[in-house]
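Asker:
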Amino acid sequence: MMAQFSQFRLKGLVFLALVVFALPLFISNPFHYSLATQIALIAGAVVGLNLLVGFAGQISLGHAGFFGIGAYFSGIMTSNYGWSAIPALIVGAVGVAIIAWVVGRPILRLKGHYLSMATLAVGFIIAIILNNEREITGGPDGMPVPSFDVFGWELSVFGQYSLFGMEISGDLAWYLFAGVVLLVAVWLAQNLIDSPIGRALRSVHGSEVAASVVGVNTAKYKSLVFVISAVYASVMGALYGHFQGFITPSVASFDFSILLITMVVLGGMGSTIGVIIGAVVLELLPQLLADFQEMEMVLFGLILMLTMIFMPKGLLPTAANFLAKRRSKAAGGDA
Amino acid sequence: MTALVEVNNLSKAFGGVHAVEGVSFSVEAGQVYSVIGPNGAGKTTLFNLITGLYTPTSGEVKLNGESIAKLQPNQLAERGMCRTFQQMQICMNMTAIENVMLGRHLTLKSNLLTTLFRLPALTRGEKAARKTSAELMEFVGCGEYLDTEASAMSYGALKRLEIARALAAEPKVVLLDEPAAGLNAVETAALEDLIRKIAEQGITVMLVEHDMKLVMGISDRLLVLNYGRVLAEGTPEQIRTNPDVIAAYLGG
Numbered sequence: 000m001m002a003q004f005s006q007f008r009l010k011g012l013v014f015l016a017l018v019v020f021a022l023p024l025f026i027s028n029p030f031h032y033s034l035a036t037q038i039a040l041i042a043g044a045v046v047g048l049n050l051l052v053g054f055a056g057q058i059s060l061g062h063a064g065f066f067g068i069g070a071y072f073s074g075i076m077t078s079n080y081g082w083s084a085i086p087a088l089i090v091g092a093v094g095v096a097i098i099a100w101v102v103g104r105p106i107l108r109l110k111g112h113y114l115s116m117a118t119l120a121v122g123f124i125i126a127i128i129l130n131n132e133r134e135i136t137g138g139p140d141g142m143p144v145p146s147f148d149v150f151g152w153e154l155s156v157f158g159q160y161s162l163f164g165m166e167i168s169g170d171l172a173w174y175l176f177a178g179v180v181l182l183v184a185v186w187l188a189q190n191l192i193d194s195p196i197g198r199a200l201r202s203v204h205g206s207e208v209a210a211s212v213v214g215v216n217t218a219k220y221k222s223l224v225f226v227i228s229a230v231y232a233s234v235m236g237a238l239y240g241h242f243q244g245f246i247t248p249s250v251a252s253f254d255f256s257i258l259l260i261t262m263v264v265l266g267g268m269g270s271t272i273g274v275i276i277g278a279v280v281l282e283l284l285p286q287l288l289a290d291f292q293e294m295e296m297v298l299f300g301l302i303l304m305l306t307m308i309f310m311p312k313g314l315l316p317t318a319a320n321f322l323a324k325r326r327s328k329a330a331g332g333d334a
Numbered sequence: 000m001t002a003l004v005e006v007n008n009l010s011k012a013f014g015g016v017h018a019v020e021g022v023s024f025s026v027e028a029g030q031v032y033s034v035i036g037p038n039g040a041g042k043t044t045l046f047n048l049i050t051g052l053y054t055p056t057s058g059e060v061k062l063n064g065e066s067i068a069k070l071q072p073n074q075l076a077e078r079g080m081c082r083t084f085q086q087m088q089i090c091m092n093m094t095a096i097e098n099v100m101l102g103r104h105l106t107l108k109s110n111l112l113t114t115l116f117r118l119p120a121l122t123r124g125e126k127a128a129r130k131t132s133a134e135l136m137e138f139v140g141c142g143e144y145l146d147t148e149a150s151a152m153s154y155g156a157l158k159r160l161e162i163a164r165a166l167a168a169e170p171k172v173v174l175l176d177e178p179a180a181g182l183n184a185v186e187t188a189a190l191e192d193l194i195r196k197i198a199e200q201g202i203t204v205m206l207v208e209h210d211m212k213l214v215m216g217i218s219d220r221l222l223v224l225n226y227g228r229v230l231a232e233g234t235p236e237q238i239r240t241n242p243d244v245i246a247a248y249l250g251g
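Protein sequences appear in the order of chains X and H.
So for the first sequence, numbering that gives the first Met the number 0 puts the first residue at 0; every next one is plus one.
So for the second sequence, numbering that gives the first Met the number 0 puts the first residue at 0; every next one is plus one.
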C-alpha cells in the first residue's frame with residue numbers, strides 16, 4: 000500500500016491537498032489567512048515559472064512583468080469598464096499568451112546570459128509602461144481593484160459565506176479559493192510534465208541536440224513553455240490583484256521577478272512541490288525575521304547564500320536525497 | 000535501385016580549413032555503409048553535414064531523392080534519418096526509458112488539451128510508447144536499466160541506449176558516429192551483432208568507425224576519407240587491397 004503510493008505520480012499533489020485543507024485547523028487570525036492566500040497565489044506563478052526554468056532549462060528574469068500585466072488588465076477592465084472578473088482574467092491571459100509568443104520567438108534563440116538579459120529587458124519595459132501610463136494605471140501610486148466576482152457572486156475578504164452548511168469568513172473563503180487554484184495549477188503542471196510534451200521540454204534542458212535529432216522542434220517547444228509559464232503568471236497576477244484590492248507597479252518589478260526565480264531555485268528546480276516550499280519559505284522568512292529589524296535583509300541574504308552553497312539542488316530534492324540515503328542505510332544497503 | 004542517401008560534391012570550410020571537400024557517394028537502402036579515415040579526415044564533419052547540424056559551404060545531400068542540405072535535424076528525423084553521437088547526447092535529467100521514449104516523439108501525436116487534462120488518448124499513447132521503448136532497450140541489450148536514471152548508467156550501456164533512442168524514431172537510415180569508441184572487445188563484438196540485427200530489419204546503417212576489424216566485418220561498402228577528400232570507395236575487399244589506402248594508413 001505504502002510502496003504503491005510512493006510510485007503514484009500525483010503523490011505530491013495529495014500531500015499538498017492535505018496541507019492546504021488542514022491549515023485552517025491551525026490558524027484563525029485574518030492576518031495569517033491573508034499571508035497564506037498571498038503565498039498560494041504567488042506559489043501558483045512559481046509553479047508555472049518552474050516549467051520554464053526547472054524543466055525546460057530556460058530562464059526568465061522578467062516574469063513579474065507577465066504577473067503585472069495580468070493584475071493590471073483585470074484591475075483596469077473590472078474597475079473602469081465594468082467587466083466581470085472571469086472574462087477579464089481570461090482575456091488578460093490570452094493577451095499575455097500572445098505577447099509571450101511574439102516576444103519569445105526571437106529571444107528564446109538566445110542562450111545563457113543573453114537570454115537572461117533579454118528577459119530582464121522585457122520585464123523592465125512592462126514595469127516602465129505601468130509606471131508611466133498614469134491615466135490608465137495610476138502610475139507609481141497604484142490603483143484600486145474591485146473584489147473578485149464569479150458571474151455576480153462576489154468573493155471578498157470582508158464577506159461572510161456558507162460552505163457545506165458552515166459559516167466561514169471572507170478571509171477563509173479567499174484562502175480556500177486560492178488553495179484550490181494552486182492545486183489545479185499543480186495538477187495541470189504535473190500532467191504537462193508526465194507527457195510527450197513534457198519529455199520534449201525536459202530534453203531541451205538535457206540535450207538540445209539529442210532532442211532535435213529525434214524530431215523535437217526545440218524552438219517551438221521553448222516558445223510553448225514560455226507562453227504557458229507566462230499565462231500561469233498572468234492568471235495568478237489577476238487573482239492577486241483582486242485579493243489585495245490595490246496594486247502598484249511593484250507587482251511587475253525587477254525585485255519581484257528575482258524573488259520568483261529565487262523561489263524556484265531555492266525550492267528545487269524541476270520539483271513542482273519543491274518550488275512551492277521555496278515560495279512558502281521566502282514569503283515567511285521576512286515575517287520571521289521582522290524582529291531583527293535592520294538586520295533582516297542581512298540575515299535573509301545569509302540564509303539564501305548558505306542554502307545555495309550547501310543545497311545547490313534546492314530544499315526538497317536535497318531533503319528527499321538525504322532521506323533516501325538514510326533509508327538505504329537502515330535497510331543494510333552500502334550506499 | 001535508387002540511392003537512399005546521395006551526396007554530391009559536398010564541401011564544408013571552417014574559415015580557411017577545408018574539413019570536407021568535394022565528397023560524393025551514394026548509399027543504397029539496406030546497406031551497411033562505413034566512413035573511415037585517419038583522425039581529422041573529416042568523418043564527423045561529413046556526418047554533421049548529412050544530418051543537418053552543419054550547413055554545407057557547397058554541394059548537396061539527397062534523402063530519397065529530396066534535397067535535404069538546408070533542413071534542420073528535426074525535419075530530417077521526420078523524413079526518416081536519425082543518428083547517434085561520438086560525444087554521446089543523452090538527457091541526463093531523465094531515466095533510461097524516458098530517453099528512449101523521447102525517440103517516439105514523432106509517432107506520438109499529442110495536443111495541449113489532451114495533455115493538460117490527461118485524457119485517455121494520452122495515457123494509451125504513453126503506455127504503447129513505453130512498451131515499444133522497453134522492447135527496444137531489450138533489443139539493444141540494456142533492458143535491465145528501464146527506470147534507472149540515465150546519469151547512473153555505465154558508458155557502454157549509455158552507448159546502447161543512444162542507439163535504442165535512434166531506433167525508437169523508426170528511421171529508414173541511422174547514422175552511428177563511432178559506436179565502438181571506448182568499448183572493450185566483448186562489448187565491440189556485441190555491438191557488431193547489434194548492427195547486423197539492425198541491418199536485417201531493413202534499416203540502412205551508416206557508420207563512422209575506427210575499429211577496422213568491426214568495419215571490415217559488417218560493411219557492404221566503405222568510403223575512405225583523407226584530409227577531407229575521398230581517397231577510395233568500394234567493398235571491404237577493394238579497400239583492403241587499395242594501394243592509396245595502404246599508403247595513408249601505413250605511411251608508405
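Backbone N, C-alpha and C define an ideal beta-carbon position, used for all residues, glycine too.
Looking only at its own chain, which residues have a Cβ that is under 7 angstroms from the Cβ of Val263 (chain X), when we skip the five neighbours before and after it?
Answerer: If you number the first sequence from 1, residue 263 (chain X) lands on position 264. Non-local C-beta neighbours of Val263 (chain X) in its own chain, meaning closer than 7 angstroms and more than five positions away in sequence, comprise Val45, Leu48, Asn49, Val52, Gly53, Val274, Gly277, ordered along the chain.
Asker: Only counting the same chain, and skipping five residues up and downstream in sequence, which positions put a Cβ closer than 8 angstroms to that of Arg8 (chain X)?
Answerer: The residue labelled residue 8 (chain X) in the question sits at position 9 within the first sequence. The answer, listed in chain order, is Gln189, Asp193.
Asker: Does Ile196 (chain X) have its Cβ less than 8 angstroms from a Cβ in chain H?
Answerer: The residue given as residue 196 (chain X) occupies position 197 in the first sequence. Yes, its Cβ sits closer than 8 angstroms to a Cβ of chain H.
Asker: Name the chain H residues that come within less than 8 angstroms of Val208 (chain X), Cβ to Cβ?
Answerer: On the first sequence, position 209 is the one that residue 208 (chain X) refers to. Residues of chain H passing the Cβ test: Leu52, Pro72, Phe84, Gln88.
Asker: Please decide whether Phe116 (chain H) counts as near chain X, where near means a Cβ-Cβ distance under 8 angstroms.
Answerer: What you label residue 116 (chain H) is simply residue 117 of the second sequence in a count that begins at 1. Yes, Phe116 (chain H) counts as interfacial toward chain X.
Asker: With DSSP collapsed to three states, give me the class of Ile202 (chain H).
Answerer: Residue numbering aside, residue 202 (chain H) sits at position 203 when the second sequence is read from its first letter. In the structure shown, Ile202 (chain H) sits in coil (DSSP, three-state: anything other than H, G, I, E or B).
Asker: Flag Ser233 (chain X) as yes if its beta-carbon sits less than 8 angstroms from any beta-carbon of chain H, otherwise no.
Answerer: On the first sequence, position 234 is the one that residue 233 (chain X) refers to. Chain H contact via Cβ: absent.
Asker: Any beta carbon of chain H sitting closer than 8 angstroms to that of Arg201 (chain X)?
Answerer: Numbered from 1 along the first sequence, position 202 holds the residue referred to as residue 201 (chain X). Interface residue, yes.
Asker: What three-state label does DSSP hand Ala247 (chain H) in the structure shown?
Answerer: Here residue 247 (chain H) corresponds to residue number 248 of the second sequence, with the count starting at 1. Here Ala247 (chain H) sits in helix by DSSP.
Asker: Can you pull the chain H residues whose beta carbon is under 8 angstroms from the beta carbon of Ser211 (chain X), in chain order?
Answerer: Residue numbering aside, residue 211 (chain X) sits at position 212 when the first sequence is read from its first letter. Near Ser211 (chain X) (Cβ distances below 8 angstroms), the residues of chain H are Gln71, Pro72, Asn73, Ala76.
Asker: Provide the residue(s) that pair with Leu175 (chain H) in DSSP beta bridges, ordered along the chain.
Answerer: Within the second sequence, numbered from 1, the residue matching residue 175 (chain H) stands at position 176. DSSP lists H:Leu206 as partners of Leu175 (chain H).
Asker: Would Ser109 (chain H) count as contacting chain X if we go by Cβ distances under 8 angstroms?
Answerer: One-based indexing of the second sequence puts residue 109 (chain H) at position 110. Chain X, which has a Cβ nearer than 8 angstroms to the Cβ of Ser109 (chain H), makes this yes.
Asker: Taking Cβ-Cβ distances shorter than 9 angstroms, what residues in chain C pair up with Gly266 (chain X)?
Answerer: Going by chain labels, chain C is absent from the structure shown, which instead holds the protein chains X and H.
Asker: How about Gly58 (chain H) and Ser10 (chain H): are their beta carbons less than 8 angstroms apart?
Answerer: To locate residue 58 (chain H), count along the second sequence from 1; it is residue 59. To locate residue 10 (chain H), count along the second sequence from 1; it is residue 11. The answer is yes: Cβ separation under 8 angstroms.
Asker: Taking the straight line between their C-alpha atoms, what separation do you get for Met136 (chain H) and Val99 (chain H)?
Answerer: Numbered from 1 along the second sequence, position 137 holds the residue referred to as residue 136 (chain H). Numbered from 1 along the second sequence, position 100 holds the residue referred to as residue 99 (chain H). The alpha-carbon separation between Met136 (chain H) and Val99 (chain H) amounts to approximately 8 angstroms.
Asker: Once you ignore the five residues that flank Gly61 (chain X) on each side, which residues in its own chain have a CB closer than 6 angstroms to its CB?
Answerer: What you label residue 61 (chain X) is simply residue 62 of the first sequence in a count that begins at 1. Thr118, Leu119, Val121, Gly122, Ser256, listed in sequence order.
Asker: Pick from H:Ala2, H:Pro55, H:Ala28, H:Val4: whose alpha carbon is nearest that of Ala18 (chain H)?
Answerer: Counting from one through the second sequence, the residue named residue 18 (chain H) turns up at place 19. Among H:Ala2, H:Pro55, H:Ala28, H:Val4, the Cα nearest to that of Ala18 (chain H) belongs to H:Pro55.
Asker: So what does DSSP say about Arg78 (chain H), is it helix, strand or coil?
Answerer: Looking up residue 78 (chain H) in the second sequence gives position 79. Correct three-state label for Arg78 (chain H): coil.
Asker: Between X:Asn79, X:Ser73, X:Gly111, X:Pro105, which lies nearest to Val95 (chain X) when the distance is taken from Cα to Cα?
Answerer: In the first sequence, residue 95 (chain X) corresponds to position 96, counting from 1. Of X:Asn79, X:Ser73, X:Gly111, X:Pro105, the residue nearest in Cα terms is X:Ser73.
Asker: Counting only runs of 3+ residues fully inside the segment 246-280 of chain X, write out the beta strand (DSSP E) ranges in chain order.
Answerer: Within the segment 246-280 of chain X, no run of beta strand (DSSP E) at least 3 residues long lies entirely inside it.
Asker: Answer yes or no: does any C-beta atom of chain H fall closer than 8 angstroms to that of Leu315 (chain X)?
Answerer: As a first step, residue 315 (chain X) must be located in the first sequence, where it is residue number 316. No - not a single Cβ of chain H is within 8 angstroms of the one on Leu315 (chain X).
Asker: Any contact of the segment 172-181 of chain X with the segment 10-27 of chain X, i.e. 3+ C-beta pairs under 8 angstroms?
Answerer: yes
Asker: Contact criterion: CB-CB distance below 8 angstroms. Does Ser168 (chain H) meet it with respect to chain X?
Answerer: Start at 1 with the first residue of the second sequence, and residue 168 (chain H) comes out as number 169. In the sequence under discussion, the amino acid at residue 168 (chain H) is Ala, which differs from the Ser named in the question. True, the Cβ-Cβ gap to chain X drops below 8 angstroms.
Asker: Taking 7 angstroms as the limit between beta carbons, can you name the residues of its chain near Ile58 (chain X), skipping five residues before and five after?
Answerer: Counted from its first residue, the first sequence places residue 58 (chain X) at position 59. The residues are Val52, Leu114, Ser115, Thr118.
Asker: Please name the residue, chosen from X:Gly244, X:Leu265, X:Phe253, that lies closest to Leu126 (chain X) on a Cα-to-Cα basis.
Answerer: Start at 1 with the first residue of the first sequence, and residue 126 (chain X) comes out as number 127. Note on identity: in this sequence residue 126 (chain X) is Ala, with Leu being the wrong assignment. That would be X:Phe253, whose Cα lies nearest to the Cα of Ala126 (chain X).
Asker: Below 8 angstroms between beta carbons: does that hold for Met215 (chain H) and Pro235 (chain H)?
Answerer: As a first step, residue 215 (chain H) is located in the second sequence; it is residue number 216 there, counting from the start. As a first step, residue 235 (chain H) is located in the second sequence; it is residue number 236 there, counting from the start. Contact: yes.
Asker: Taking the C-alpha atoms as reference points, what is the distance between Glu20 (chain H) and Ala76 (chain H)?
Answerer: What you label residue 20 (chain H) is simply residue 21 of the second sequence in a count that begins at 1. What you label residue 76 (chain H) is simply residue 77 of the second sequence in a count that begins at 1. Answer to the nearest angstrom: the Cα atoms are 26 angstroms apart.
Asker: Just to check my reading of the structure: Ala149 (chain H) and Leu157 (chain H) have Cβ atoms closer than 8 angstroms, yes? What is that Cβ distance to the nearest angstrom?
Answerer: Reading the second sequence from its first residue, position 150 is the one you call residue 149 (chain H). Reading the second sequence from its first residue, position 158 is the one you call residue 157 (chain H). Confirmed, Cβ separation roughly 7 angstroms.
Asker: Could you check whether the segment 61-80 of chain H touches the segment 116-126 of chain H, counting it as contact only if at least three pairs of C-beta atoms, one from each stretch, sit closer than 8 angstroms?
Answerer: no
Asker: In chain X, which residues lie with their C-beta within 7 angstroms of the C-beta of Glu97 (chain H)?
Answerer: As a working mapping, residue 97 (chain H) is identified with position 98 in the second sequence. Correct list: Arg198.
Asker: When you compare the segment 226-245 of chain X with the segment 92-106 of chain H, are there three or more beta-carbon pairs, one atom per stretch, that lie closer than 8 angstroms?
Answerer: no
Asker: Which stretch, first to last residue, makes up the beta strand (DSSP E) that contains Ser23 (chain H)?
Answerer: One-based indexing of the second sequence puts residue 23 (chain H) at position 24. Counting along the chain, the beta strand (DSSP E) containing Ser23 (chain H) begins and ends at 16-27.
Asker: How far does the beta strand (DSSP E) with Ile67 (chain H) in it extend, from its first residue to its last?
Answerer: As a first step, residue 67 (chain H) is located in the second sequence; it is residue number 68 there, counting from the start. Careful: Ile67 (chain H) lies outside any beta strand (DSSP E) and carries neither H nor E.
Asker: Would you identify the three-state DSSP class for Ala143 (chain H), choosing helix, strand or coil?
Answerer: Reading the second sequence from its first residue, position 144 is the one you call residue 143 (chain H). For the sequence presented, residue 143 (chain H) should be read as Glu rather than Ala. Helix at Glu143 (chain H).
Asker: Can you list, in chain order, the stretches of the alpha helix (DSSP H) that have 4 or more residues and sit fully within the segment 79-112 of chain X?
Answerer: 84-106
Asker: Under 7 angstroms, CB to CB, which of the residues in the segment 42-63 of chain X have a partner in chain H?
Answerer: none
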